[in-house]
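Participant: These protein sequence lines map, in sequence, to chains A and B. Every position in the first sequence, counted from 1, becomes a number in my numbering once 513 is added. Every position in the second sequence, counted from 1, becomes a number in my numbering once 438 is added. The beta carbon of each residue, even a glycine, is placed where N, CA and C say it ideally should be. No experiment lies behind these values; they were computed from the predicted model shown.
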Amino acid sequence: MMTKQTVTSKELHRFLRGELSGEREASVRKALEASDALQAESRLLKALPDAFRAAEPDEADWLRMERNLLRAWRTEADRPSENMRSFASDRWWPKLAAVGVAAFVIVFIAVFLLRSSSSDPSLTSPVHSPKGKGSFAVTVSPDWAFDVGRPSKTGLSARLEILNEQGGNYIGVRSLKRGRVQGEDELATLEDGILRIRFDDRAEITLLENTALRFHEYENRVIPYLLRGSIACDVSHDETRPLVIAAARLRVKDTGTRFLVRVEETGAGRVEVTEGSVLVERPAKQELSVKAGNGAVWKSFKADAEAEPPHGAERAFQRIERLFKTLPPPIRETPPPLPKAPQKTEDPPMEPAEEPEIVTESLQEPETEPDPGIVSYHRERTSWQWTMQNLPDLQRDAIVKFYALVEKQMGSGYTLRALANLENFLEQHPGAEGEKARFLAAESHYNLQEYPQAVEHYRRYAEDFPKGTWIEMVLFRLQELRERRLR
Amino acid sequence: MPDSETDLDSIVLRCQKGEQTAYSELFRAIRSDIHRILIATLGPDSEIEDLIQTASLEIFRSLGRFKGESRFSTWMYRLVVNVAFQYLRKNRRRPIPVDLGDLNTELVSSDEGPERHATEKEQIMQVREILAELAPKKRIAFYLHEIEGFNPEEIARITGASKFTVKSRLFYARKEFFRKIRQRSLLEESRNVSGEDDDETDRNQ
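(1) Can you pull the DSSP bridge partners for A:E800?
(2) Could you tell me if A:I622 is buried or exposed, where buried requires 16 or more neighbouring beta carbons within 10 angstroms of its beta carbon?
(3) Mind listing the chain A neighbours of B:A478? Cutoff is C-beta to C-beta under 8 Å, in chain order.
(4) Taking the alpha-carbon of A:V786 as reference, which of A:E777, A:A820, A:A759, A:S813 has the nearest alpha-carbon?
(5) Which one of A:L991, A:K949, A:A950, A:G947 has the shortest CA to CA distance from A:P965?
(6) Measure the beta-carbon distance from B:V518 to B:I472 and round it to whole angstroms, keeping in mind my assumption that it falls under 8 Å.
(7) Taking only beta-carbon atoms, is B:I593 less than 9 Å away from chain A?
(8) Determine the extent of the beta strand (DSSP E) in which A:E532 is found, giving its start and end residues.
(9) Does the separation of the CB atoms of B:V521 and B:A556 fall below 9 Å?
(10) Identify the continuous alpha helix (DSSP H) that holds B:W513 and give its terminal residues.
(11) Could you give the C-beta distance for A:E536 and A:F528, rounded to a whole number, given that I count them as a contact under 8 Å?
(12) Reducing DSSP to helix, strand and coil, say where A:W983 ends up.
(13) Please identify the residue among B:S511, B:R503, B:S470 whose C-alpha is closest to the C-alpha of A:M578.
(14) Taking just the CA atoms, how far does B:I593 sit from B:Y515?
(15) Whose C-alpha, out of A:L918, A:E946, A:D563, A:L994, is nearest the C-alpha of A:D977?
(16) If I measure Cβ to Cβ from B:F504 and keep anything under 8 Å in the same chain, skipping five residues before and after, which residues do I get?
(17) When the cut-off is 9 Å and only beta carbons count, does B:L572 lie next to chain A?
(18) Buried or exposed for A:R775, going by 16 or more other Cβ atoms inside 10 Å?
(19) Can you tell me the Cα-Cα spacing of A:F915 and A:H942, whole angstroms?
(20) Locate the alpha helix (DSSP H) running through A:T724, then write down its first and last residues.
(21) CB B:D562 to CB A:D563, shorter than 9 Å?
(22) Pick from A:S555, A:A616, A:L533, A:V612: whose alpha carbon is nearest that of B:E558?
(23) Have a look at A:L720 and A:G613 and give me their C-alpha separation to the nearest angstrom.
(24) With 9 Å as the limit, tell me which residues of the stretch 521-537 of chain A have their beta carbon closer than that to any beta carbon of chain B; keep them in chain order.
(25) In the DSSP output, which residue or residues are listed as bridge partners for A:V810?
(26) To the nearest angstrom, how far is the alpha carbon of B:A478 from that of B:R566?
(27) Should A:E569 be listed as close to the ligand MN, given that the test is whether its C-beta is under 8 Å from any heavy atom?
(28) Quick one: list the residues of chain A neighbouring B:S494, beta-carbon separation under 7 Å, in chain order.
(29) Which residue marks the beginning of the alpha helix (DSSP H) containing B:F615, and which one marks its end?
(30) Flag A:W575 as yes if its beta-carbon sits less than 9 Å from any beta-carbon of chain B, otherwise no.
(31) A:A917: which of A:L953, A:H970, A:V620 sits nearest, CA to CA?
(32) Does A:V913 pass the burial test, meaning 16 or more other C-beta atoms within 10 Å, or should it be called exposed?
(33) In angstroms with no decimal places, state the Cα-to-Cα distance between A:P842 and A:E993.
(34) What are the start and end residues of the alpha helix (DSSP H) that includes A:M559?
(35) Against chain A, with Cβ distances strictly below 9 Å, would B:V546 count as a contact?
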């Protein structure tokens, strides 16, 4: 016979819920009849649903709650909310709109990619025209080259190249076609940045540090407007199209010159003329002619420009002056003088097998008498270029491959390894073909912040190759290192 | 409550189509369930009416997301339990106050005389006190299983816990329930051991 101990609470619970099978149910029932304790427990378990039960609100309360609830719901449903159900699931236009937007995005991306892929991939870069209109201020790494924009969009077909390899933002522009810039294009340099715009006629505008230049369209012309900073202009004067720089509501107009314009954000500024002369003019005001060696200064947007001697003490002016000294003179649109003979290099094994190409070209051009008063612009072929052109194919290929390897090493961060190769190369090739090696060695030391060694290499470069390909950079570096040492 | 789940589903469908009168019907259909769940979780509370409205409004708001992948009652209970737990978190109160009023009306009428009626009333009060001492999560699991008849998987869906956690809660809720019953000497000494070994076995099922 089943005793009360043999029936567990669980079993009793199952019994009460009718979950036990027939035989077991009968035994539990028998035990339940026999035991008062089991009966008490069963009563407790039966009381469980009642214990959870609570009196519901009466109908009036329910109605009141319903009214309040529906009022709240209507208020909420009338208000646009992201949590609202979509009552328009069967409407076609939201889907169509979504498809349209998606298609537009896809087409836009496809066009963008196509345009990107159609250009020279080496010119693309993450800093390409972030505002989409050729306006940018960048900090660049040495191995980047990028374009400002496309002629169809910005009018700038220039290629920007990094001229130094330090990783600063010394950048330069080459082959910018004059007059192709569009209004509202903007160029800017950051701290320690220098941006050079070189026009087809070799005229140059150099933006020094922290300078911003915006191109404004005015009377069917595009005039560069100096927002802040300093720009150095080195232009050949052309009566039909004088270079005009607008700054602080003034216009600085070249009359055949090299000059520097500087303007502060307050509107104060000055012009320094190194060579030739400029006209500083304000609309409806008398113009001020500033000749070489003089300057003009103004104190605000509204103030007139006053003549003033140059402030040679200012570092920026000193620096640009030094920079100018290292640059070739401005181009005059006269043919270059005929070279007397190929330059003799100090490189004994180099035998010019044939005349350099430039000589042939020059001979084909009509001879004109160079104006003795004007310095003719002709950058002679440097020894490096000349030497390389005249090397035997095998040797030239080997050197080209060597330089490619070294530049790759430098670009990949193996500067020490590259430097060892360069030193070795310089020992074996003390002649003109080592020009690039000398420069790269100097740059490598510079990158490694081994400034004394860098200075030594730069100096030797300047002595050995005074008309070398990288002479501007070398002189700039020497100046920079000198300033650094002075600081 | 509608006669069948199908009726409720049709009301829900009408609500989802934006039929405003259906919301009224839906509320009438589910109000008792909401009330019961809230009482089971929170016990009698002066703010129960507000909570019923809050839970109902939450159900209305979320109807658009109901895809019919589970039973409507399971989905709805989950929302109500969430509302109850949010309220508990906000108020941080335990144990549930035991409401002594209205018990006479709550009891199923008995023909066995006033003495038996009083005993039953006393037992219910004791059970209520014990339930009030259970942790809310254990209590709701216990309630959903023992009273509403949901299996652990469904309870897991309602409470947002895992099936294992639900089984564990059920085990400890039962154990605690019977222990407290013994402590209150509601059961004879001879029955003290009953149930516990059995429960352990059940938990591991």
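Facilitator: So, to answer that:
(1) Residue numbering aside, residue 800 of chain A sits at position 287 when the first sequence is read from its first letter. In DSSP, A:E800 forms no bridge with anything.
(2) Residue numbering aside, residue 622 of chain A sits at position 109 when the first sequence is read from its first letter. Its Cβ having fewer than 16 others within 10 Å, A:I622 is exposed.
(3) One-based indexing of the second sequence puts residue 478 of chain B at position 40. Residues of chain A passing the Cβ test: F565.
(4) What you label residue 786 of chain A is simply residue 273 of the first sequence in a count that begins at 1. The shortest C-alpha separation from A:V786 is found at A:A820.
(5) Sequence index remark: in the first sequence, residue 965 of chain A carries index 452 (1-based). Nearest option by C-alpha distance: A:L991.
(6) Mapped onto the second sequence, residue 518 of chain B falls at position 80. Mapped onto the second sequence, residue 472 of chain B falls at position 34. 5 Å between Cβ atoms; contact.
(7) Stepping through the second sequence from its first residue, residue 593 of chain B is reached at position 155. No - not a single Cβ of chain A is within 9 Å of the one on B:I593.
(8) Position 19 of the first sequence, counted from the first residue, corresponds to residue 532 of chain A. A:E532 -> no beta strand (DSSP E), and no H or E assigned at all.
(9) By 1-based counting over the second sequence, the position of residue 521 of chain B is 83. By 1-based counting over the second sequence, the position of residue 556 of chain B is 118. Not closer than 9 Å, so no.
(10) Start at 1 with the first residue of the second sequence, and residue 513 of chain B comes out as number 75. Counting along the chain, the alpha helix (DSSP H) containing B:W513 begins and ends at 510-529.
(11) Position 23 of the first sequence, counted from the start, is the residue given in the question as residue 536 of chain A. Position 15 of the first sequence, counted from the start, is the residue given in the question as residue 528 of chain A. Incorrect: roughly 12 Å between the Cβ atoms, too far for contact.
(12) One-based indexing of the first sequence puts residue 983 of chain A at position 470. In this structure, A:W983 counts as coil in the three-state DSSP scheme.
(13) Taking the first sequence and counting its residues from 1, the one referred to as residue 578 of chain A is at position 65. Taking only the C-alpha atoms, the option nearest A:M578 is B:S470.
(14) As a working note, residue 515 of chain B is residue 77 in the second sequence. As a working note, residue 593 of chain B is residue 155 in the second sequence. Those two C-alpha atoms are separated by around 9 Å.
(15) By 1-based counting over the first sequence, the position of residue 977 of chain A is 464. Cα-wise, what sits closest to A:D977 is A:E946.
(16) As a working note, residue 504 of chain B is residue 66 in the second sequence. These residues qualify, in order along the chain: V450, Q454, F510, W513.
(17) If you number the second sequence from 1, residue 572 of chain B lands on position 134. Chain A contact via Cβ: absent.
(18) Here residue 775 of chain A corresponds to residue number 262 of the first sequence, with the count starting at 1. By the 10 Å Cβ count, A:R775 comes out buried.
(19) For the purposes of this step, residue 915 of chain A is taken as residue 402 along the first sequence, with counting starting at 1. For the purposes of this step, residue 942 of chain A is taken as residue 429 along the first sequence, with counting starting at 1. Computed Cα separation, rounded: 12 Å.
(20) Within the first sequence, residue 724 of chain A is the residue found at index 211, counting from 1. Unbroken run through A:T724: none, as it is neither H nor E.
(21) In the second sequence, counting from the first residue as 1, residue 562 of chain B sits at position 124. In the first sequence, counting from the first residue as 1, residue 563 of chain A sits at position 50. Reading off the sequence, residue 562 of chain B comes out as Ile, not Asp. Result yes, Cβ atoms of B:I562 and A:D563 sit closer than 9 Å.
(22) Along the second sequence, one-based indexing puts residue 558 of chain B at 120. Per the Cα distances, A:S555.
(23) What you label residue 720 of chain A is simply residue 207 of the first sequence in a count that begins at 1. What you label residue 613 of chain A is simply residue 100 of the first sequence in a count that begins at 1. Straight-line Cα distance between these residues: approximately 45 Å.
(24) T521, S522, K523, E524, L525, H526, R530
(25) As a first step, residue 810 of chain A is located in the first sequence; it is residue number 297 there, counting from the start. Per DSSP, A:R783, A:E819.
(26) Residue mapping note: residue 478 of chain B aligns to position 40 of the second sequence, counting from 1. Residue mapping note: residue 566 of chain B aligns to position 128 of the second sequence, counting from 1. Taking the straight line joining both Cα atoms gives about 10 Å.
(27) As far as ligands go, the structure on display features none, and thus does not contain the ligand MN.
(28) Within the second sequence, residue 494 of chain B is the residue found at index 56, counting from 1. Residues of chain A passing the Cβ test: L582.
(29) The sequence position of residue 615 of chain B within the second sequence is 177, counting from 1. Its alpha helix (DSSP H) spans residues 601-621.
(30) Taking the first residue of the first sequence as position 1, residue 575 of chain A is located at position 62. So, interface residue.
(31) Against the first sequence, residue 917 of chain A aligns to sequence position 404. Closest option to A:A917, Cα to Cα, is A:L953.
(32) The count along the first sequence starts at 1 and reaches residue 913 of chain A at position 400. A:V913 comes out exposed.
(33) Residue 842 of chain A sits at position 329 when you count from the first residue of the first sequence. Residue 993 of chain A sits at position 480 when you count from the first residue of the first sequence. In this prediction, A:P842 scores a pLDDT of 39, lower than 50, which makes its location untrustworthy; no coordinate-derived value is stated.
(34) Reading the first sequence from its first residue, position 46 is the one you call residue 559 of chain A. What sits at residue 559 of chain A in the sequence shown is Lys, not Met. Per DSSP, A:K559 belongs to the alpha helix (DSSP H) from 549-565.
(35) The residue you call residue 546 of chain B lines up with position 108 of the second sequence. Because the pLDDT of B:V546 is 47, which lies under 50, any placement of that residue in the model is unreliable, and the number read from its coordinates should be weighed accordingly. Judged by the 9 Å Cβ criterion, B:V546 is in contact with chain A.
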